[in-house]
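Q: My questions all concern the structure below.
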Amino acid sequence: MANVAYPTEPLKCWARAKELRQRYYEDYAKAHDTGGLRWAGGAWSFDAIPMGLGPDVYPLTSEPYAASIAFNREFSKRCLEATEAKGYARDLCSYMRNYWGSLLLNEYAFGGPFPRPDFIWQDHICCSHAKWYQVVRDLEDDIPYYCIDVAVGPYEEARDRQHRVQYIVDQMHQGIEFLERATGRTYDDARLIEAVKNDCRATSAWAEVSALNKTIPAPLDEKTMYALYVLGTLHKASRDVADFYEELRDEVRDRVARGIAAVPNEICRVITDTQPPWGFLKIFRYMEKYGCVSVGSLYTFGLIGAWEDKPNGTWGPRTTPMAAGTPMETRDQALHILADWTLSRPEWQHFYSPHLKSQLMLRIAKEWQLQGVMLHYNRGCEGLSLGIAENRLALIDAGLPVMVFEGNMGDDSEFDEDATKNRIDSFMESLGIKRPGEEL
Amino acid sequence: MVTAGIDMGAKWVKVVLLRDGEVIARGKALTGFEQKASAAKALADALGQAGLSADAIDRTAATGAGRKDAPGSPIELTEVTAAALGAVQIERSARTVIDVGAEEGRAIKTTDAGKVVDFAVNEKCAAGSGAFTEAMARALETPVEEIGPLSLQSSQAIPMNAQCAVFAESEVVSLLHARTPKADIARAVHDAIANRIVSMARKVGINEHVVLIGGVARNVGFVDAVERELGLKITVPPDPEFVSALGAALHAAERRG
Amino acid sequence: MTERFAEWYKTRHDYARAWKERTGGKVVGYFCTYVPEEILIAAGVLPVRILGSHEPQSVTEPHIFGMFCPFCRDCLAQGLKGRYDYLDGIMIAQSCLHIRQAFTSWVQHVPVGWSYYLPFPNHVQSRAARPYLVEELRLFKEAVGAWVGRPITDADLDRGIATCNEFRSALRELYESRKAEHPPLNGVEAMLAVVSGQFVDKTEHTTALRQLLDALDGRERRDPKIRLMLVGSEDDDVEFIRMVEACGATVVTDDHCTGTRYFWNNVEPGEDRLGAIADRYLTRPPCPSKDWPTRSRVPHILDLADRWGVQGVVVLQQKFCDPHEADTPAIIAALREKGIPSLFLELDVTVPVGQFKTRTDAFLEMITADDLF
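Just so you know, the sequences run in chain order G, W and F. Take the first sequence: its position 261, counted from the start at 1, is 266 in the working numbering, and no numbers get skipped. Take the second sequence: its position 26, counted from the start at 1, is 191 in the working numbering, and no numbers get skipped. Take the third sequence: its position 170, counted from the start at 1, is 183 in the working numbering, and no numbers get skipped.
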């Protein structure tokens, strides 16, 4: 096992992913130059719905934007300080604090002043979601604000209790009235239907990409996946993102067919959990020196990916309504499909019980052939760290080695790089994996 | 075969020399700012006791936060692995090892072979380490080695918030101003740190035989507080601060040349 | 007269055991005041709110990550230590993420026969919330009926609603009395009266409240010195309030879920009983986790401050409580604009009374100095 070397090669569509992301942030900033509209909301917002306002409506989703800030540690530090100086607690969501800081400093992470949104279109499952933009309105009043509560319990139950789905659909209908009022535009249902189809295509294709990582050697490593899944958090209902994910899926299928690895010396497969400390992605490279590859996480797979149980008992991409032949001709049908589709999101289930997430993680451990799990106890995100201690207990109970490291996705003062590397060393030692360079 | 284990701790460097599984010497030096020099001193000390020269050592392993600075390009291993190996060598039936050093506390679940099954480390916080007791001893104007025995004279429990060492220190000052007996404050301090350490240890699970190692294990007040919080007797080996160095020396011996 | 409440507060577990013994009824422990107690009472169940015990503990670290609030950990500790071993069931109405973990870990690790997660809308300001909540209440009513072995009738619901309304009305009257220039009771007494009502049989508690109300005129009146209001999260830290009042102040009102938020509004009885209950919970003074998009708490707090003649506000919250932390700067700014000073403090399982006393003294001195000029 000493000198395994799988063939590896860079992703062909890497440049396209970079270009899409760059254009997204530029389009938002420049929207007003051509009479377009800008909106702000969360990575989980129903971005398909504002698309019914026209082709020139551009979102800026706040979590990935804040992660971009966190990646730039100098700017992030200034943002966090600006927020704290305004009296906001340091233990609040670090994405939120970075975002508010960028607003307060009036600096856009991609250059120029912070582009103020024309309206806010948020969704709410974590306590911080709705409060995020309530505070934005404290800082910049008069921005019209709408937020949809999606916290209606686990999908398994909501599917059989239609009033829960209906609550979301009702809010969506009222949200469209809000959008028309806030923008003065007339709503186009055909655009909505097209966007919902894109969302389903994109999120199902991403799940398939993630499922292809069950293969040994893994065609993708998690650090690379971060740069790809982010497009789904930016604009999953756009045609560009849906097309890109289908293109990516085809390329990853090809990598699997040819045995192309992300990490040539893969000997140990793990998953992580929650957002990583964005300023310290190099810890993934540190792990790779041991031949330890993170092949993903419930976070990268299920934050935007749409999944279902496959007939052969495995976990795979959810069948799109188009493939299933579900009619989608009216606004109400499209909204129902969108609500139902989104409620099955894996990364929403643990909000109601950590045990649902533990089951998913154990399933991943089995199907993705893992040797261990590295849990990031992320002080920056109460939503995704929710129940993480119970997940740890459940994984250990099932006999899976677990390592915990504490940190913060968006506040580097809460991450200790040396201590984390030391912990990885201990974990590797406990798994019996030799230190890089040491003879066996 | 002679092996050396060096534990490059935050406060002390500890060295253990092992010949065919038997400890033949120990050395210790304050870490200070010159870690390498301190380690060389502790090692020379141990070699002197054993009457050996440096080239008599077949292999060296280093552990501890400063292990990269250990002399003689040794094999490296982490504190977690070293603590488990050393503790099980001394107490065969140990399954939970609690290691409290100057700046960090950790709990380890181990097999009878000293293999780590699970571990937890207290995060960037003085409240679960020796530094906490030292700070509180300062606030109490009592020498740190006396604070333990003092706490055993206490007659009442006072809850103290130990989430933060800075907060706790000002609590101590408030209690002193309120003329609370020093023994009771000393007990409150030990209860607070024991609460943190036991909380962490419960993460890996408490097994019947708990072994407490690290320099803080010499503090009788702390040991008493841990036992009360756990509701069971624990074992403190002789020379508890040398256990990780012993683990390193054992690790060095296990490696084939 | 208020000793009864203090006694209930101290001996809550003995009380619940005795209640079971006496009535043969079931006891349900609940997390969060969004639980519609009306429906439990309609089924003859005693709802008891699960609260912490304010003692350091070492048992929750394996279950709840340390970034979550001390209150949810203190609550779970009670379960893990077996303090609530008399419960027949536990439940939660969906509110913040923190307390939800106390519930989900309890379900997993503390044996209890029955548990219920009531999905409660967060978007209480939306007109979509009512039909959704009414249906959830119907499912809940059926589940409780099935559990106790007897369907809940309209007459049962009417009784549950009336019992809660009478209890809440009595607490409102008690709070009204604190508007007086010389209030007949202090903040500790008022807090104990409310909090004990969260785990004592409501009918019995209302009787005690009525007796106290009848006796208020004969009570020794207190020079309040500085009139304070408490604003924030769950707070039943009696020692802390006692210390504040000993510094030369009186708490006259609050916005807490262990205070006014719990009892402020009544159910307006109507034919559609579940609709009426839903309306009550949707329009009650909200927890910040449900107070959006409009932050309705700010005008409500200012109104309370105005009507109770508040001179200063202690904003205190459970450490790490994100929903409150998102409201606090706006609340402090709104108070400042009205010329009301505030002091911000964070609650932990135990509070460092010495330090908080220093800060409270300074705060009260500041208010006194303001009054001089």
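Backbone N, C-alpha and C fix where the C-beta goes; we use that ideal spot for every residue, glycine too.
What does DSSP give as the partner residues of Arg62 (chain F) in its beta bridges?
A: Taking the third sequence and counting its residues from 1, the one referred to as residue 62 (chain F) is at position 49. In DSSP, Arg62 (chain F) forms a bridge with F:Tyr43.
Q: Would DSSP call Leu302 (chain G) helix, strand or coil?
A: Numbered from its first residue, the first sequence carries residue 302 (chain G) at position 297. Per the sequence presented here, residue 302 (chain G) reads as Ser, with Leu not at that position. Here Ser302 (chain G) sits in strand by DSSP.
Q: Is there at least one non-hydrogen atom of the ligand ATP closer than 7 Å to the beta-carbon of Leu286 (chain G)?
A: This structure simply doesn't include the ligand ATP, nor any ligand for that matter.
Q: Just the chain G side, please: which residues come within less than 9 Å of Ala285 (chain W) by C-beta, in chain order?
A: As a working note, residue 285 (chain W) is residue 120 in the second sequence. The contacting residues are Val409.
Q: Please confirm if the segment 167–185 of chain W is in contact with the segment 412–422 of chain W, defined as three or more CB-CB distances below 8 Å between the two stretches.
A: Verdict: yes, contact present.
Q: Classify Ser390 (chain G) as buried or exposed, calling it buried when 16 or more other Cβ atoms lie within 10 Å of its own Cβ.
A: Position 385 of the first sequence holds residue 390 (chain G). Buried, because 16 or more other Cβ atoms sit within 10 Å of the Cβ of Ser390 (chain G).
Q: Below 8 Å between beta carbons: does that hold for Glu244 (chain W) and Thr261 (chain W)?
A: Taking the first residue of the second sequence as 1, we reach residue 244 (chain W) at position 79. Taking the first residue of the second sequence as 1, we reach residue 261 (chain W) at position 96. It is not a contact, given that the beta carbons lie outside the stated cut-off.
Q: Once DSSP output is grouped into helix, strand and coil, what is the label at Leu377 (chain F)?
A: The residue given as residue 377 (chain F) occupies position 364 in the third sequence. Leu377 (chain F): helix per DSSP, three-state reduction.
Q: Within a Cβ cutoff of 7 Å, which residues of the same chain sit near Lys241 (chain G), ignoring the five residues on either side of it in sequence?
A: Sequence index remark: in the first sequence, residue 241 (chain G) carries index 236 (1-based). Excluding residues within five positions, the ones whose Cβ falls inside 7 Å are Asp52, Asp204, Ala207, Thr208, Ile309.
Q: For Pro306 (chain F), go through chain G and note every residue whose CB falls closer than 9 Å to its CB, in chain order.
A: Counting from 1 along the third sequence, the entry for residue 306 (chain F) is found at position 293. Here the neighbours are Ile125, Gln127, Ala135, Tyr138, Gln139, Arg142, Tyr150, Tyr151, Cys152.
Q: Who are the neighbours of Glu68 (chain F) on chain W, taking C-beta pairs under 8 Å?
A: Taking the first residue of the third sequence as 1, we reach residue 68 (chain F) at position 55. Correct list: Pro324.
Q: Quick check: what's the CA-CA separation for Asn279 (chain F) versus Arg293 (chain F)?
A: Here residue 279 (chain F) refers to the residue found at position 266 of the third sequence. Here residue 293 (chain F) refers to the residue found at position 280 of the third sequence. Answer to the nearest angstrom: the Cα atoms are 6 Å apart.
Q: Of the choices F:Val201, F:His218, F:Ile290, F:Ser246, whose alpha-carbon is the least far from that of Ile254 (chain F)?
A: Against the third sequence, residue 254 (chain F) aligns to sequence position 241. Measuring from the Cα of Ile254 (chain F), the nearest candidate turns out to be F:Val201.
Q: Does Arg113 (chain F) come out as helix, strand or coil in the three-state DSSP assignment?
A: Taking the third sequence and counting its residues from 1, the one referred to as residue 113 (chain F) is at position 100. Helix.
Q: In terms of alpha-carbon separation, which member of G:Asp175, G:Ile272, G:Arg290, G:Trp137 lies closest to His337 (chain F)?
A: Translated into positions along the third sequence, residue 337 (chain F) becomes position 324. The shortest C-alpha separation from His337 (chain F) is found at G:Trp137.
Q: So if DSSP puts Gly412 (chain G) in a beta bridge, which residue, or which two residues, is it bridged to?
A: The residue you call residue 412 (chain G) lines up with position 407 of the first sequence. Its beta-bridge partners are G:Asn383.
Q: Among W:Glu269, W:Gln214, W:Leu315, W:Glu199, which one has its Cα closest to the Cα of Val180 (chain W)?
A: Working through the second sequence from its first residue, we reach residue 180 (chain W) at position 15. Comparing Cα positions, the closest option is W:Gln214.
Q: Determine the direct distance from the alpha carbon of Val311 (chain F) to that of Asp38 (chain G), and round the result to whole angstroms.
A: Stepping through the first sequence from its first residue, residue 38 (chain G) is reached at position 33. Stepping through the third sequence from its first residue, residue 311 (chain F) is reached at position 298. Looking at the two C-alpha atoms, the distance is approximately 38 Å.
Q: If Val286 (chain W) sits next to Glu269 (chain W), beta carbons under 8 Å apart, how far is it from one beta carbon to the other, in whole angstroms?
A: The residue you call residue 286 (chain W) lines up with position 121 of the second sequence. The residue you call residue 269 (chain W) lines up with position 104 of the second sequence. Indeed, because the Cβ distance is near 6 Å, the residues count as touching under 8 Å.
Q: Looking at Ser299 (chain G) and Glu395 (chain G), is the spacing between their C-beta atoms short of 8 Å?
A: By one-based count along the first sequence, residue 395 (chain G) stands at place 390. By one-based count along the first sequence, residue 299 (chain G) stands at place 294. The answer is no: Cβ separation not under 8 Å.
Q: On the three-pair Cβ rule with 8 Å, is the segment 353–365 of chain F touching the segment 101–121 of chain F?
A: No contact exists between the segment 353–365 of chain F and the segment 101–121 of chain F.
Q: With respect to the alpha helix (DSSP H) encompassing Glu336 (chain W), which residues constitute its N-terminal and C-terminal limits?
A: Counting from 1 along the second sequence, the entry for residue 336 (chain W) is found at position 171. Glu336 (chain W) -> alpha helix (DSSP H) spans 330–342.
Q: In terms of DSSP beta bridges, what is Tyr63 (chain G) paired with?
A: In the first sequence, residue 63 (chain G) corresponds to position 58, counting from 1. BP columns for Tyr63 (chain G) point to G:Arg43.
Q: Distance, Cα to Cα, Lys93 (chain G) vs Thr176 (chain F)?
A: Stepping through the first sequence from its first residue, residue 93 (chain G) is reached at position 88. Stepping through the third sequence from its first residue, residue 176 (chain F) is reached at position 163. Checking the sequence shown, residue 93 (chain G) turns out to be Tyr, not Lys. Their Cα atoms are separated by approximately 41 Å.
Q: Between F:Gln138, F:Tyr188, F:Leu146, which lies nearest to Ala389 (chain F) when the distance is taken from Cα to Cα?
A: Residue 389 (chain F) cannot be examined here, being either before or after the span of chain F that is shown, 14 to 386.
Q: Which partner residues does Thr371 (chain F) have in the DSSP bridge list?
A: Within the third sequence, residue 371 (chain F) is the residue found at index 358, counting from 1. Answer by DSSP bridge pairing: none, since Thr371 (chain F) is not bridged.
Q: In three-state terms, what does DSSP make of Cys132 (chain G)?
A: Counting from one through the first sequence, the residue named residue 132 (chain G) turns up at place 127. Helix, per DSSP.
Q: Out of W:Ala259, W:Val253, W:Arg184, state which residue places its alpha-carbon closest to the alpha-carbon of Ile222 (chain W).
A: Walking along the second sequence from the start, residue 222 (chain W) turns up at place 57. It is W:Arg184.
Q: Taking all protein chains shown into account, do 16 or more other C-beta atoms lie within 10 angstroms of the C-beta of Ala329 (chain G), making it buried, or fewer, making it exposed?
A: Along the first sequence, one-based indexing puts residue 329 (chain G) at 324. It is exposed - the Cβ of Ala329 (chain G) has fewer than 16 other Cβ atoms within 10 Å.
Q: To the nearest whole angstrom, what separates the beta carbons of Arg196 (chain G) and Gly377 (chain G), a pair I think is in contact under 8 Å?
A: One-based indexing of the first sequence puts residue 196 (chain G) at position 191. One-based indexing of the first sequence puts residue 377 (chain G) at position 372. With a Cβ gap of about 46 Å, Arg196 (chain G) and Gly377 (chain G) do not count as contacting.
Q: Which runs of the beta strand (DSSP E) spanning at least 3 residues fall entirely within the segment 119–194 of chain F, listed in chain order?
A: Here the runs fully enclosed are 127–131.
Q: For the putative contact between Phe387 (chain W) and Ala359 (chain W), defined by C-beta atoms under 8 Å, what is the C-beta separation to the nearest angstrom?
A: Residue numbering aside, residue 387 (chain W) sits at position 222 when the second sequence is read from its first letter. Residue numbering aside, residue 359 (chain W) sits at position 194 when the second sequence is read from its first letter. About 6 Å; that satisfies the 8 Å criterion.
Q: So what's Met6 (chain G) in DSSP terms, helix, strand or just coil?
A: Taking the first sequence and counting its residues from 1, one reaches residue 6 (chain G) at position 1. Note that Met6 (chain G) has pLDDT 44, beneath the 50 cutoff, so the model's placement of it is unreliable and the number below is only indicative. Looking at Met6 (chain G) - three-state DSSP - the assignment turns out to be coil, as it is neither helix nor strand.
Q: Met173 (chain W) lies in the beta strand (DSSP E); which residues open and close that run?
A: Walking along the second sequence from the start, residue 173 (chain W) turns up at place 8. Counting along the chain, the beta strand (DSSP E) containing Met173 (chain W) begins and ends at 167–173.
Q: Just to check my reading of the structure: Ile52 (chain F) and Val157 (chain F) have Cβ atoms closer than 8 Å, yes? What is that Cβ distance to the nearest angstrom?
A: For the purposes of this step, residue 52 (chain F) is identified with residue 39 of the third sequence, where counting begins at 1. For the purposes of this step, residue 157 (chain F) is identified with residue 144 of the third sequence, where counting begins at 1. Indeed they touch by this definition, with Cβ atoms about 6 Å apart.
Q: Give the straight-line distance between the Cα atoms of Gln354 (chain G) and Asp165 (chain G), rounded to the nearest whole angstrom.
A: Walking along the first sequence from the start, residue 354 (chain G) turns up at place 349. Walking along the first sequence from the start, residue 165 (chain G) turns up at place 160. Near 15 Å, if we compare the C-alpha coordinates of Asp165 (chain G) and Gln354 (chain G).
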